[in-house]
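Okay, structure first, notes after.
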Amino acid sequence: MSLAGMASLLPRTALSRPMLSSTLLTPSAALIRPSTIIAPAVISLSQVRTATKKTGGSTRNGRTSQPKYRGIKAGHGTLVKPGDIIVRQKGSKVHAAHNVGMGKDFTLHSLVHGRVHFHYDIARQRNYVSVDDGSLSSSVQFGAAAGLSPQEALAAWLPSEKMEKERLIAALDIERYLQLDGFGRYRYVLETIDEIKKKDEEALERTAPLRLLSKVRPFNLVDLTRL
Numbered sequence: 328m329s330l331a332g333m334a335s336l337l338p339r340t341a342l343s344r345p346m347l348s349s350t351l352l353t354p355s356a357a358l359i360r361p362s363t364i365i366a367p368a369v370i371s372l373s374q375v376r377t378a379t380k381k382t383g384g385s386t387r388n389g390r391t392s393q394p395k396y397r398g399i400k401a402g403h404g405t406l407v408k409p410g411d412i413i414v415r416q417k418g419s420k421v422h423a424a425h426n427v428g429m430g431k432d433f434t435l436h437s438l439v440h441g442r443v444h445f446h447y448d449i450a451r452q453r454n455y456v457s458v459d460d461g462s463l464s465s466s467v468q469f470g471a472a473a474g475l476s477p478q479e480a481l482a483a484w485l486p487s488e489k490m491e492k493e494r495l496i497a498a499l500d501i502e503r504y505l506q507l508d509g510f511g512r513y514r515y516v517l518e519t520i521d522e523i524k525k526k527d528e529e530a531l532e533r534t535a536p537l538r539l540l541s542k543v544r545p546f547n548l549v550d551l552t553r554l
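Count along the sequence shown from 1, then add 327; that gives the number in this note's numbering.
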């Protein structure tokens, strides 16, 4: 049979590609298996839907409250009339004393015509405000008539915080204070404060008759509470 006849008997696939000789295959190529061939990455064509609504922003200044304007509105020695605001505050940092009223929002206002006086109570450790309508300032003169110095009479009625602390330091025995422990010092200071307050009460008792008979203002039953 001729070569042309033998070629007609072979399949077309065998003729379309050349056959590799076993002698041309290298040892590394012979070890390659079909399972080790890496397939190309599959590209996903699925659509991802994103958010179409814009998120709302936050704010820190969205309040519409009005300012309170707190603080001292009438200083020490200021002339006031009934209804004038003396202190606008949050909480009772300053307490109402003589001729001063307090509102439901802790606002202090004057009840009479007079001058504003801020004073301090060292026993309670509180700041007070009073309005002097003439009777408080005259207590200094009454104290002089009763044998008190102006400083003692003023300390009995309207002492400042500085005045109260100076009186406490002057009344303390420093050597005794240094020998005590923490709790002993605390009790010793409280005992000294009680002694100072007793002296103030005695001074008020001596000036009470003069204050009640004074013509500075009409007699008021509230004065009896200071006896």
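By construction, the Cβ of each residue, glycine as well, lies at the ideal position given by its N, Cα and C atoms. All figures in this text were calculated on a predicted structure; none of them were measured in a lab.
Contact under 8 Å by Cβ, residue i with residue j
{"i": "L447", "j": "E491", "result": "Looking at the sequence provided, one finds Tyr at residue 447 rather than Leu. A contact, by the Cβ cut-off of 8 Å."}
{"i": "V407", "j": "V414", "result": "no"}
{"i": "E528", "j": "A498", "result": "no"}
{"i": "H436", "j": "I412", "result": "yes"}
{"i": "R442", "j": "G404", "result": "yes"}
{"i": "A424", "j": "I520", "result": "no"}
{"i": "Y513", "j": "R503", "result": "no"}
{"i": "R390", "j": "K417", "result": "no"}
Coarse secondary structure for residue i, derived from DSSP in three states
{"i": "T534", "result": "helix"}
{"i": "R415", "result": "strand"}
{"i": "A423", "result": "strand"}
{"i": "D459", "result": "strand"}
{"i": "L499", "result": "coil"}
{"i": "R494", "result": "helix"}
{"i": "G441", "result": "strand"}
{"i": "L517", "result": "helix"}
{"i": "L318", "result": "Residue 318 lies beyond the stretch modelled for the chain, which goes from 328 to 554, so this question has no answer here."}
{"i": "T350", "result": "Note on T350: pLDDT 48, under 50, position unreliable in the model; the coordinate value appears next. Residue state, collapsed to three classes: coil."}
{"i": "R398", "result": "Position check: residue 398 holds Gly in this sequence, whereas Arg was assumed. G398 falls in the strand class under three-state DSSP."}
Supposed close pair residue i, residue j - CB separation, criterion 8 Å
{"i": "D459", "j": "H444", "result": "5 Å"}
{"i": "L485", "j": "S457", "result": "7 Å"}
{"i": "P409", "j": "H440", "result": "7 Å"}
Residue i - partner residues in DSSP beta bridges
{"i": "R376", "result": "Per DSSP, none; premise fails for R376."}
{"i": "N454", "result": "V421, Y447"}
{"i": "H436", "result": "I412, G428"}
{"i": "L485", "result": "BP columns for L485 are empty, so no partner."}
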